[in-house]
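A.B. asks: So the protein lines, in turn, are chains H and U. With my numbering applied, the first sequence corresponds to residues 194 to 585, in that order. With my numbering applied, the second sequence corresponds to residues 194 to 585, in that order. Backbone N, C-alpha and C define an ideal beta-carbon position, used for all residues, glycine too. Bear in mind the structure is a predicted one, so any value in this text is a computation, not a measurement. Would you mind keeping the following structure in view while I ask a few things?
There are 2 protein chains.
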Amino acid sequence: MENFDFYNPTRIIFGKNTHLEIGNLLKPHAKKVLLHYGGQSVKKSGVFDQVVASLRNAGVDFVELDGVVPNPRVTLVREGIQLCKENKVDLILAVGGGSVIDSAKAISMGIFYEGDVWDIYAKHLPVSKNIPVATILTIPAAGSESSPSSVISNDEVKLKKGYTNNITRPLLSVINPELFFSLPKNQIANGVSDMMSHIFERYFTRTLHTDLTDALCEATLRTIMRNALILMNDPANYDAWCEVGFSGNVAHNDMLGLGRAQDWACHGMEHELSALYDVAHGAGLAVLTPAWMKYVYKENMNMFVQFAVNVMGVNASFRDPEYIVTEGIRLLSEFYRKLGLPQTLGELFIGNDQLELMAKKATGEISGNEHKLGGMKRLGWQDVLAIYKMAL
Amino acid sequence: MENFDFYNPTRIIFGKNTHLEIGNLLKPHAKKVLLHYGGQSVKKSGVFDQVVASLRNAGVDFVELDGVVPNPRVTLVREGIQLCKENKVDLILAVGGGSVIDSAKAISMGIFYEGDVWDIYAKHLPVSKNIPVATILTIPAAGSESSPSSVISNDEVKLKKGYTNNITRPLLSVINPELFFSLPKNQIANGVSDMMSHIFERYFTRTLHTDLTDALCEATLRTIMRNALILMNDPANYDAWCEVGFSGNVAHNDMLGLGRAQDWACHGMEHELSALYDVAHGAGLAVLTPAWMKYVYKENMNMFVQFAVNVMGVNASFRDPEYIVTEGIRLLSEFYRKLGLPQTLGELFIGNDQLELMAKKATGEISGNEHKLGGMKRLGWQDVLAIYKMAL
Chain H
194 MENFDFYNPT
204 RIIFGKNTHL
214 EIGNLLKPHA
224 KKVLLHYGGQ
234 SVKKSGVFDQ
244 VVASLRNAGV
254 DFVELDGVVP
264 NPRVTLVREG
274 IQLCKENKVD
284 LILAVGGGSV
294 IDSAKAISMG
304 IFYEGDVWDI
314 YAKHLPVSKN
324 IPVATILTIP
334 AAGSESSPSS
344 VISNDEVKLK
354 KGYTNNITRP
364 LLSVINPELF
374 FSLPKNQIAN
384 GVSDMMSHIF
394 ERYFTRTLHT
404 DLTDALCEAT
414 LRTIMRNALI
424 LMNDPANYDA
434 WCEVGFSGNV
444 AHNDMLGLGR
454 AQDWACHGME
464 HELSALYDVA
474 HGAGLAVLTP
484 AWMKYVYKEN
494 MNMFVQFAVN
504 VMGVNASFRD
514 PEYIVTEGIR
524 LLSEFYRKLG
534 LPQTLGELFI
544 GNDQLELMAK
554 KATGEISGNE
564 HKLGGMKRLG
574 WQDVLAIYKM
584 AL
Chain U
194 MENFDFYNPT
204 RIIFGKNTHL
214 EIGNLLKPHA
224 KKVLLHYGGQ
234 SVKKSGVFDQ
244 VVASLRNAGV
254 DFVELDGVVP
264 NPRVTLVREG
274 IQLCKENKVD
284 LILAVGGGSV
294 IDSAKAISMG
304 IFYEGDVWDI
314 YAKHLPVSKN
324 IPVATILTIP
334 AAGSESSPSS
344 VISNDEVKLK
354 KGYTNNITRP
364 LLSVINPELF
374 FSLPKNQIAN
384 GVSDMMSHIF
394 ERYFTRTLHT
404 DLTDALCEAT
414 LRTIMRNALI
424 LMNDPANYDA
434 WCEVGFSGNV
444 AHNDMLGLGR
454 AQDWACHGME
464 HELSALYDVA
474 HGAGLAVLTP
484 AWMKYVYKEN
494 MNMFVQFAVN
504 VMGVNASFRD
514 PEYIVTEGIR
524 LLSEFYRKLG
534 LPQTLGELFI
544 GNDQLELMAK
554 KATGEISGNE
564 HKLGGMKRLG
574 WQDVLAIYKM
584 AL
């Protein structure tokens, strides 16, 4: 196990009706709140009105900013920063999924930063001051509700950049699985794929002696898969949503990645798909992950045998490790298919023409900031291109 | 799953040499520290001198209070409160195991409480102000290094009382598994028994639909057992200590108990043994837990079958659930035996004579504060007496 330093102070308020308490939860922390959200879905579901009523009943003043889109844009972040400054906002309440929360995190840092907020993401600047972010989660997927990370897209330069800083872990997050009942099946599937990938990126490692986190990763992956299949047939199943919602949080608060080298190649490769084609992150990951596995598994057969047996349920007594691994990857693809997720880049309307460009962007060849992706196998742009081609 | 509200802001600094950084870790938080510890063991090991050097190098001033014993006494806590007040101490650094940390937590609350600190424990008073506690863990067992709980003993009234309050979660805890190398085998065994019990108390539940926390509990229990056996033969095995040390922390930060009714009958019954006979907590738990299991398993066969199969590795395909459960309990006892832990109250020099008194104390019959113990089966004093007798 490697040394680690872990700090996750986000308070999680989980369960039925919990979002109705948001006013009382925020009152000790805020005089004026920015209520940040996406579009019509929180209004249609009634959540918006319930949140507004709870804030008013508690006497918490607020201003609104809607319009967050998937792969949230820096342009709206800039607008939010301006609005917060003008209104002396001292806390941002994100009501939505990962995109809304990520947008809120970017705004929270931009308020105190003199220059353009995009610089924080583009140059990974060390920021030490922000205002607190609270969240009401309406889509479990990104894990941003207690992670220290956020991802912002910039259309001008066609880039999507992640940024990690413990100061952006939310103050508190409300997770009420009832709010997930109305999610369409493709969004459930994308979310499940995203949270599973957050675990895969931590699970596949070259670090030895990681018994506890190995087992916690496997436990969480099995829980997600079992309950995701229940939701495909019964999307208003509260118990299954509890498991998936809670697992999605655990998947990305970094508990599961402590003391081990992490990978993150699939996320790096997928960011290019989202930046160039605006595909859903979870859909892109479902296409790339099995291709990545096939490309790298020979580098660490033991790890992939363990995955196949402990996560995918392949019988460990087969004599041929190669068969066990291949069968594990096949079962993962089959699971994605059951969720209606795409299997190929073609299904995402992505052809051969931009693959080399994306591979070179993913590895910094274009920007002159060359780096390899991943930890299980260090991937140069030719490796990334090969994986994209396997996923065609 | 039940609703929950979880907040664990303790920063964990884990790994080799981490305790050498304690001065720099505390400097931003403290002007004057109470250095609180037990006795000679931290001096013999050299840890005391390293901590003092680190504090001095960082320019952190401190006063000392040693003399904490297992089942820490309120008398020393009172002394610590006086010392902190006189010296304007603003942070307590506990260097030791659960007893030292618990003593530090009690002192941290007593500083601002006008009356006798014992009242906080005896009457479960709602305390809202304390000074921060930091810890350097030298014995992994109690999980107090990030738990909100502490247990204090009072010799005058022969009582041992627990108290839980999120404000007593430490500010930060340093866990360096190298510091565990010199622990004697009986202390390793007691610690392992204690941390396993922290999980059992959460795991055995009547709450349904708890897939994730079930699996996380099972994963952590298996990790502890596998690595504890390694330590019995090789007590300076760093990798095994990493797993046991990390697991002991996870076992009691309450992550594993979220959204489920918890039990705590074995802890309640064991506290009476420690209070009256001053036995090691882990040893008492190793005696009582299998007896408790035999007494209650028929109340929830499914839960105990799951335990036997997923934790103890009993073959699930046996047709007789009764056999599966009994075999699981037998294997747990066998595991305790391999660790050299006692199997009976007799081995702890506890006879028949005080059992009824302890059973009545455990259930508040004596103090006029009658209550039943446990959640899996609600235990009155006659049930507790029956379990004590089964453990004779």
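Can you tell me the Cα-Cα spacing of residue 460/H and residue 284/H, whole angstroms?
C.D. replies: Approximately 30 Å between the Cα atoms of the pair.
A.B. asks: What runs of the beta strand (DSSP E), each 3 residues or longer, lie entirely inside the stretch 537-566 of chain H?
C.D. replies: Here no run is fully enclosed.
A.B. asks: Does DSSP classify residue 398/U as helix, strand or coil?
C.D. replies: Looking at residue 398/U - three-state DSSP - the assignment turns out to be coil, as it is neither helix nor strand.
A.B. asks: Could you tell me which chain U residues have their CB closer than 9 Å to the CB of residue 209/H, listed as they occur along the chain?
C.D. replies: Those are 196, listed as they occur along chain U.
A.B. asks: Could you tell me whether the Cβ of residue 459/H comes closer than 8 Å to any Cβ of chain U?
C.D. replies: No, its Cβ sits nowhere closer than 8 Å to a Cβ of chain U.
A.B. asks: Comparing alpha-carbon positions, which option in 260/H, 533/H, 564/H, 228/H lies nearest residue 457/H?
C.D. replies: Among 260/H, 533/H, 564/H, 228/H, the Cα nearest to that of residue 457/H is on 564/H.
A.B. asks: Check for me: the alpha helix (DSSP H) holding residue 211/H runs from which residue to which?
C.D. replies: Counting along the chain, residue 211/H falls outside any alpha helix (DSSP H), and DSSP gives it neither H nor E.
A.B. asks: Can you list the alpha helix (DSSP H) stretches of 4 or more residues lying completely in the stretch 213-291 of chain U, in chain order?
C.D. replies: Whole alpha helix (DSSP H) segments, 4+ residues: 215-219, 234-237, 240-251, 267-280.
A.B. asks: Residues of the stretch 198-228 of chain U with a CB closer than 9 Å to any CB of chain H: list them in chain order, please.
C.D. replies: Against chain H - using a Cβ distance shorter than 9 Å - the residues of the stretch 198-228 of chain U are 198, 199, 200, 201, 202, 203, 204, 205, 206, 207, 208, 209, 210, 211.
A.B. asks: Thinking C-alpha only, which one of 332/U, 297/U, 270/U, 260/U is nearest residue 309/U?
C.D. replies: Taking only the C-alpha atoms, the option nearest residue 309/U is 270/U.
A.B. asks: With a threshold of 8 Å between beta carbons, is residue 508/U in contact with chain H?
C.D. replies: No, because no Cβ of chain H sits closer than 8 Å to the Cβ of residue 508/U.
A.B. asks: Would you report the Cα separation of residue 406/U and residue 337/H, rounded to the nearest angstrom?
C.D. replies: If I take the Cα positions, the gap works out to 21 Å.
A.B. asks: Against residue 420/H, what residues of chain U qualify as contacts under a CB-to-CB distance less than 7 Å, listed in chain order?
C.D. replies: Residues of chain U passing the Cβ test: 404.
A.B. asks: Give a yes or no on whether the minimum CB-CB distance between residue 436/H and chain U is below 8 Å.
C.D. replies: Chain U contact via Cβ: present.
A.B. asks: Rounding to the nearest angstrom, what Cα-Cα distance links residue 552/U and residue 516/U in this structure?
C.D. replies: Distance between the alpha carbons of residue 552/U and residue 516/U is about 30 Å.
A.B. asks: Helix, strand or coil for residue 446/H? Go by DSSP, reduced to three states.
C.D. replies: Coil at residue 446/H, not helix or strand.
A.B. asks: Does residue 356/H come out as helix, strand or coil in the three-state DSSP assignment?
C.D. replies: Strand at residue 356/H.
A.B. asks: For residue 186/U, write down the residues that DSSP places opposite it in a beta bridge.
C.D. replies: With chain U covering 194 to 585 only, the question about residue 186/U has no answer from this structure.
A.B. asks: Mind pulling the chain H residues with CB within less than 8 Å of residue 361/U?
C.D. replies: Under the 8 Å cutoff, chain H gives no residues; its nearest Cβ is about 15 Å from residue 361/U.
A.B. asks: Taking a Cβ distance cut-off of 8 Å, strictly less, list which residues of the stretch 474-508 of chain U are near chain H, in chain order.
C.D. replies: Under the 8 Å Cβ criterion, the stretch 474-508 of chain U contributes no residue.
A.B. asks: For residue 399/H and chain U, any beta-carbon pair shorter than 8 Å?
C.D. replies: No, residue 399/H lies away from the interface with chain U (no Cβ there is under 8 Å from its Cβ).
A.B. asks: Quick one: Cα of residue 536/H to Cα of residue 420/U, how far?
C.D. replies: Approximately 40 Å, taken between the alpha carbons.
A.B. asks: Compare the C-beta of residue 587/H with all C-beta atoms of chain U and state if any pair is closer than 8 Å.
C.D. replies: Chain H is shown from 194 up to 585; residue 587/H falls before or after that span and cannot be answered.
A.B. asks: Would you mind telling me which residues of chain H sit closer than 8 Å to residue 452/U, beta carbon to beta carbon, in chain order?
C.D. replies: Result: 207, 208, 435, 439.
A.B. asks: Does the stretch 337-354 of chain H come close enough to the stretch 478-495 of chain H that 3 or more CB-CB pairs lie under 8 Å?
C.D. replies: Cβ pair count under 8 Å is below three, so no.
A.B. asks: Let me confirm a value: residue 307/H is counted as buried when at least 16 other C-beta atoms fall within 10 Å, else exposed. Which label applies?
C.D. replies: Its Cβ having fewer than 16 others within 10 Å, residue 307/H is exposed.
A.B. asks: Please list the partners that residue 246/H has in chain U, where partner means a Cβ-to-Cβ separation under 8 Å.
C.D. replies: Near residue 246/H there are no residues of chain U at all, since even the closest Cβ is about 20 Å away, more than 8 Å.
A.B. asks: Taking residue 398/H as the reference, which of 567/H, 221/H, 209/H has the closest Cα?
C.D. replies: Ranking 567/H, 221/H, 209/H by Cα distance to residue 398/H puts 567/H first.
A.B. asks: Taking a contact to mean a Cβ-Cβ separation below 8 Å, would you say residue 369/U touches residue 210/U in this structure?
C.D. replies: Going by C-beta atoms, residue 369/U is nearer than 8 Å to residue 210/U.
A.B. asks: Can you tell which of 574/H, 545/H, 570/H, 544/H has the C-alpha that lies nearest to the C-alpha of residue 558/H?
C.D. replies: Checking every option, the nearest Cα to that of residue 558/H belongs to 574/H.
A.B. asks: How would you list, in chain order, the residues of chain H whose beta-carbon sits under 8 Å from the beta-carbon of residue 330/U?
C.D. replies: Those do not exist, as residue 330/U stays about 14 Å from chain H at its closest Cβ, beyond 8 Å.
A.B. asks: Could you tell me which residues DSSP puts in a beta bridge with residue 198/H?
C.D. replies: According to DSSP, which records beta bridges pairwise, residue 198/H is partnered with 206/U.
A.B. asks: Just the chain U side, please: which residues come within less than 7 Å of residue 416/H by C-beta, in chain order?
C.D. replies: Here the neighbours are 404, 405, 408.
A.B. asks: Report the residue from 357/H, 532/H, 543/H whose alpha carbon sits nearest the alpha carbon of residue 321/H.
C.D. replies: Of the listed residues, the one whose Cα sits closest to residue 321/H is 357/H.
A.B. asks: In whole angstroms, give me the CA-to-CA distance for residue 593/H and residue 422/H.
C.D. replies: With chain H running from 194 to 585 in the structure shown, residue 593/H is simply not present.
A.B. asks: Using the Cβ count rule (16 or more neighbours within 10 Å means buried), how would you classify residue 350/U?
C.D. replies: Looking at its Cβ environment, which holds fewer than 16 other Cβ atoms inside 10 Å, residue 350/U is exposed.
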